[in-house]
Amino acid sequence: MVTTLTDRDRAHRAAAAVTDPELPMLTLEDLGILREVRIEEDGTVAVWITPTYSGCPALAEMRVDVDRAVRAAGFAQVEVRTALSPAWSSDWITDEGRRKLSEHGISPPGQAPARTSGPVPLTLSPTRTVPRCPLCGGADTEELSRFGATSCKSLHRCRSCLEPFEHVKEI
């Protein structure tokens, strides 16, 4: 079956507009979770997504939401597939996604640690960054908890304005 670029674009737009269940101000495209959308020879729309964390509990809901959105765009056959390699990186969050995080009081991640091929080096010292406050912009912040409401966020407080905020971890 020959498909047009228009069909692929329409399917991509539908999948890209799906919002993250844990960060609903962001789309899967904003987060860099949406990897690829392809229309197969038999007309099936294949969508690849990558979880932010292996075992992310939101992945099942994302799959259902993507399937529903692509079907609503007029496609009868949809397969949502999981791509685990390469692993998701917080560097994949778009500039628009980072802006939306800040606007909603969540500190966006800094640059992710460099990844090398081969064995993963063991680091015994902390690798945590000190995020700026998304509310006042202050740099004097402290970590209150390494784990926030979700595994991909930590909880911090600004020492300048005293407001707590979440920070998306660098991965």
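Just so we're aligned: the sequence shown equals residues 1 to 171 in full-length UniProt numbering.
The C-beta atom is built at its ideal place from N, Cα and C for all residues, glycine as well.
Note that the coordinates shown come from a computational prediction; the quantities given were computed from them, not determined experimentally.
Item                                                                                            : Value
DSSP state of Trp-92 mapped onto helix, strand, coil                                            : helix
Residue-level contact to chain D via CB, Ala-16, 8 Å cutoff                                     : Looking for chain D here will not work: only one protein chain is present.
Rounded distance between the beta-carbons of Glu-166 and Gly-148, thought under 8 Å             : 5 Å
Length at least 4, wholly inside the region 54-89: the alpha helix (DSSP H) runs in chain order : 59-72
Arg-38 and Ala-46 closer than 8 Å at C-beta                                                     : yes
Residues near Leu-155 in its chain [Cβ-Cβ closer than 7 Å; skip 5 each side]                    : Leu-144, Ser-145, Gly-148, Pro-164, Glu-166
Closest by C-alpha distance to Arg-98, when choosing among Gly-32, Gln-77, Ser-85               : Gly-32
Contact set for Gln-77: own chain, Cβ-Cβ below 8 Å, skip 5 residues either direction            : Asp-42, Gly-43, Thr-44, Val-45
Exposed unless 16 or more other CB atoms sit within 10 angstroms - verdict on Leu-23            : buried
Residue nearest to Thr-52 in terms of C-alpha spacing, selected from Pro-86, Ala-139, Ala-11    : Pro-86
Secondary structure of Ala-16, DSSP reduced to three states                                     : helix
Rounded C-alpha distance that separates Glu-61 from Gly-110                                     : 27 Å
Exposed unless 16 or more other CB atoms sit within 10 angstroms - verdict on Ser-107           : buried
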